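In our numbering, the protein residues as written are 2 to 292.
Here a beta-carbon is modelled for each residue, glycine too, at the ideal position from N, C-alpha and C.
None of the values given here were measured: they were computed from a predicted structure.
Structural data, given as structure tokens:
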């Protein structure tokens, strides 16, 4: 996470989120779970072997095809939820659910062009192999809900495409509630709120690293800054993922990281015509059970 990501708190840029008192404790907790998952003492029932390579991966990256597979995914969701007593909702296994479901249903993305389905599968495989921590920004800022994005007086209140090049697209705007953005590796950007005809410039689905040039993170006031000690505030001081507003100041996104481009129907369909909504809610239900 010492990668130059642009995080701003109280009007100042945070030099190192891993040592800043507002973020250090939650980051430490996530790191401890990652370390435990990769340790020799880790439960082998939390991973599966890739039939093609024999390499082992966390079950959060498994495409479920049976009740047994769902049971395995339940175990890994509990593994991630128990250390925070179910308080942390955007642990790495959450958006992994979304990306895994996208890869399992690549035919939806192929409807926008075969290269987009290829992009989904390729990035899923990378995220699985590297065990990446993804978060998402899929809810636009609350401005005027009576008007669609393309009718707002400022055209880039919501994130959209400014221009495209041979190498990719340039994104401008802002998106709200990117939970855990300060400590994730990558950001998935799209919309879960419905788009309408005319919103084509906003109809995107893509990923970018958290240190992408032009990407700025503005977290809300973290609870840890008000905690006098972890003993008096054992939960809020350690397990606050910190919701974040993400701002895109003309961020360049290579075509290889784009899943949907200027297609309103596909953006509206991606969470409900794939199993992503179901798998993500399954993770949430397991977490609530722990909580």
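With residue i as the anchor, note down where its alpha helix (DSSP H) starts and where it stops.
i          : result
residue 35 : 25 to 38
Quick check on the burial criterion: 16 or more other C-beta atoms within 10 angstroms. Buried or exposed for residue i?
i           : result
residue 231 : exposed
residue 286 : exposed
residue 245 : buried
residue 108 : exposed
residue 194 : exposed
residue 72  : exposed
residue 299 : Because the chain spans 2 through 292 in this model, residue 299 falls outside it and cannot be assessed.
residue 40  : exposed
With respect to the beta strand (DSSP E) encompassing residue i, which residues constitute its N-terminal and C-terminal limits?
i           : result
residue 264 : Element bounds for residue 264: n/a, residue is neither H nor E.
residue 284 : Premise fails: residue 284 lies in the alpha helix (DSSP H), 277 to 291, not in any beta strand (DSSP E).
residue 355 : For the chain, the structure presents residues 2 to 292; residue 355 sits outside this window and is missing.
residue 176 : 169 to 176
Comparing alpha-carbon positions, which option in the options lies nearest residue i?
i           : options           : result
residue 224 : 21, 14, 12        : 21
residue 190 : 178, 199, 197, 39 : 178
residue 27  : 211, 6, 91        : 91
residue 292 : 79, 199, 25       : 79
residue 141 : 160, 283, 228, 83 : 160
residue 31  : 16, 87, 169       : 87
Output yes if chain C places a C-beta closer than 7 Å to the C-beta of residue i; else output no.
i           : result
residue 255 : The chain labelled as chain C is not found in the depicted structure, where only one protein chain is given.
Notebook entry, point to check: At which residue ranges does the segment 132 to 162 contain complete beta strand (DSSP E) runs of 3 or more residues, listed in the order of the chain?
Noted result: The segment 132 to 162 contains these whole beta strand (DSSP E) runs: 135 to 138.
Check: Where in the segment 42 to 123 do unbroken runs of the beta strand (DSSP E), each at least 3 residues long, occur, reported from the N-terminal end onward?
Finding: 48 to 50, 57 to 59
Item checked: Segments of 4+ residues assigned as alpha helix (DSSP H) that fall wholly inside the segment 178 to 255 -> none
Notebook entry, point to check: For the segment 250 to 264 against the segment 195 to 210, are there 3 or more C-beta pairs whose distance is under 8 Å?
Noted result: yes
Check: Counting Cβ pairs closer than 8 Å, one from the segment 276 to 283 and one from the segment 96 to 106, do we hit at least three?
Finding: yes
Checklist line | Stretch pair the segment 111 to 123 + the segment 36 to 50: three plus CB contacts closer than 8 Å | finding: no
Margin query: For the pair the segment 170 to 186 and the segment 142 to 156, tell me if three or more CB-CB distances fall below 8 Å.
Written below: The count of Cβ pairs closer than 8 Å, one atom from the segment 170 to 186 and one from the segment 142 to 156, reaches three, so the stretches are in contact.
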